[in-house]
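Structure, as structure tokens:
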Amino acid sequence: MTTLYLVRHGETEENVNHILQGHLPGHLSAKGIEQLQTLREELLPIHFDAVVCSDLTRCVDSTRILTENRKLSITYTALLRERDWGSFTGRNIQDIQHTTFPGDVESVEDLLTRAGHFLQFIRENYEGKTILVVSHGLFCRAIRSACTHIPMKDIDRMQNATYRILTL
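Counting from 14, one number per residue, gives the positions in the sequence shown under the numbering used here.
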């Protein structure tokens, strides 16, 4: 059995300002850093065999805080990136709430396909291990949906610096 601890990165300045980050790097806020320090203490008793992390800065920085004083192998991958918001990237969420998504926004189907590829990557490389996975809110929902076959709309939203446990 493989166990995943899916973690959403800490709060970013962009989260506070309601900006669609997508593939932007993101900048942890002071509150985000505190959230991650608290989560690090909560996760301290858990043995992780490795870390798999989104290659976007907000997750890389979150991982650095979460793994402080641990000697863990870390793999960075674009598979774990947040939804690509295309031309909506960097826009205020309120400004686009009632707008039809342009064609360059990653579709839910493509998001779920990428989540499936991530789960396959885990099965092929980390069988029987306990893995800390640091990613993004919407993409963590996609992973959970791909794993459980529950529609994304029915999966709870993760707050910053929280986690869910999945077993494969």
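Built from N, CA and C at the ideal position, the CB exists for glycine as well.
Quick one: grab the DSSP three-state call for residue i.
i             : result
alanine 63    : strand
threonine 112 : coil
arginine 11   : In the structure displayed, the chain extends from 14 to 181; residue 11 sits before or after that span and is not available.
asparagine 82 : coil
asparagine 28 : helix
Name the two residues that bound the continuous alpha helix (DSSP H) containing residue i.
i           : result
leucine 93  : From DSSP, leucine 93 is part of no alpha helix (DSSP H); its letter is neither H nor E.
arginine 71 : 70 to 79
May I ask which residues mark the beginning and end of the beta strand (DSSP E) holding residue i?
i            : result
threonine 16 : 16 to 21
Who are residue i's beta bridge partners in DSSP?
i             : result
isoleucine 87 : Val64
Fill in: Inter-stretch contact at 8 Å, needing at least 3 Cβ pairs: the segment 53 to 68 / the segment 25 to 40
A contact is defined here as three or more CB-CB pairs under 8 Å, and the segment 53 to 68 fails this definition with respect to the segment 25 to 40.
Fill in: the segment 131 to 143 touching the segment 98 to 114, judged by at least three CB pairs closer than 8 Å
Contact between the segment 131 to 143 and the segment 98 to 114 is absent, because fewer than three Cβ pairs lie under 8 Å.
Worksheet item: Mind pulling the beta strand (DSSP E) runs of 3 or more residues that sit fully within the segment 110 to 175?
Response: Runs found: 143 to 148.
Practice prompt. Pair every Cβ in the segment 109 to 117 with every Cβ in the segment 41 to 52, then say whether three or more of these pairs are closer than 8 Å.
Written response: No, the segment 109 to 117 does not touch the segment 41 to 52.
Discussion item. So, does the segment 59 to 75 touch the segment 84 to 103, judging by three or more C-beta pairs under 8 Å?
Written reply: The segment 59 to 75, when compared against the segment 84 to 103, does touch it at the 8 Å Cβ threshold.
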